[in-house]
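In what follows, a structure is listed as structure tokens, so that the remarks can point back to it.
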Amino acid sequence: MSLIVGRVWKFGDNVNTDEIIPGRYLRSKDVQIFAAHAMEGVDPEFTKKLRIGDIIVAGTNFGCGSSREQAPLALKYSGVSCVIAKSFARIFFRNSINIGLPLIEVDIDCQEGDKVKVDLARGEVIVSDRDIFKGNKLPDFLLEILNDGGLVAHRKKVTRKQLQKVLSE
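So the sequence shown is numbered by the working numbering: it starts at 400 and just counts up by one.
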């Protein structure tokens, strides 16, 4: 995965899954409905201001609350390209990897609207082409899952490779 570049939207600590995608939208299975209401519990105008490729920067415990997979789906399909936070709720972290939403744990100093570059392979975030912040580098196997577009796509790819190997023997 190459550099992820986007404009920053800042949020605080303990942003929970109900704020990321309010429960009233969970009756649907349509990811576009989730996308249209992403972050509505914190900023009702978020999706109107968001541009595809923008990046969320948050404080600690981002994605706490329920284990709903719809929260990272809402962000991914709204156009958020990456989430940067000081820390993530573990189930949100895993759900994000599973659906192919890049994220990185790092404490960065930035302002809303700043341009950031995220290098997941190095575990770095560069703010406004001047300040470099080192975070937690994702393990290679998680980077592979993200590069393949999520866990399901990754497993399909691995299964195809295994099948081709068996057929060629």
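All C-beta atoms in this analysis are idealised placements derived from N, C-alpha and C, irrespective of residue type, glycine included. Keep in mind the model is a prediction, meaning the values are calculated, not measured.
Around the C-beta of residue i, are 16 or more other C-beta atoms found within 10 angstroms, so that it is buried, or is it exposed?
i, result
"residue 535", "exposed"
"residue 551", "exposed"
"residue 416", "buried"
"residue 531", "exposed"
"residue 405", "buried"
"residue 557", "exposed"
Quickly, what does DSSP pair residue i with across the bridge? List them, please.
i, result
"residue 405", "515"
"residue 415", "463"
So for residue i, helix, strand or coil by DSSP?
i, result
"residue 444", "coil"
"residue 531", "strand"
"residue 546", "helix"
"residue 580", "Because the chain spans 400 through 568 in this model, residue 580 falls outside it and cannot be assessed."
"residue 426", "coil"
"residue 410", "coil"
"residue 536", "coil"
Mind reading off the beta-carbon distance from residue i to residue j? Whole number of angstroms is fine, and I expect it under 8 angstroms.
i, j, result
"residue 515", "residue 505", "The Cβ separation is near 10 angstroms, so there is no contact."
"residue 440", "residue 418", "3 angstroms"
"residue 484", "residue 520", "Incorrect: roughly 19 angstroms between the Cβ atoms, too far for contact."
"residue 460", "residue 488", "6 angstroms"
"residue 500", "residue 471", "5 angstroms"
"residue 407", "residue 513", "5 angstroms"
"residue 541", "residue 496", "6 angstroms"
Starting from the N-terminal side, write out each stretch of the alpha helix (DSSP H) that is 4 residues or longer and does not extend beyond the segment 446 to 526. Entirely contained in the segment 446 to 526, the alpha helix (DSSP H) runs reaching 4 residues are, in chain order, 469 to 477, 489 to 498.
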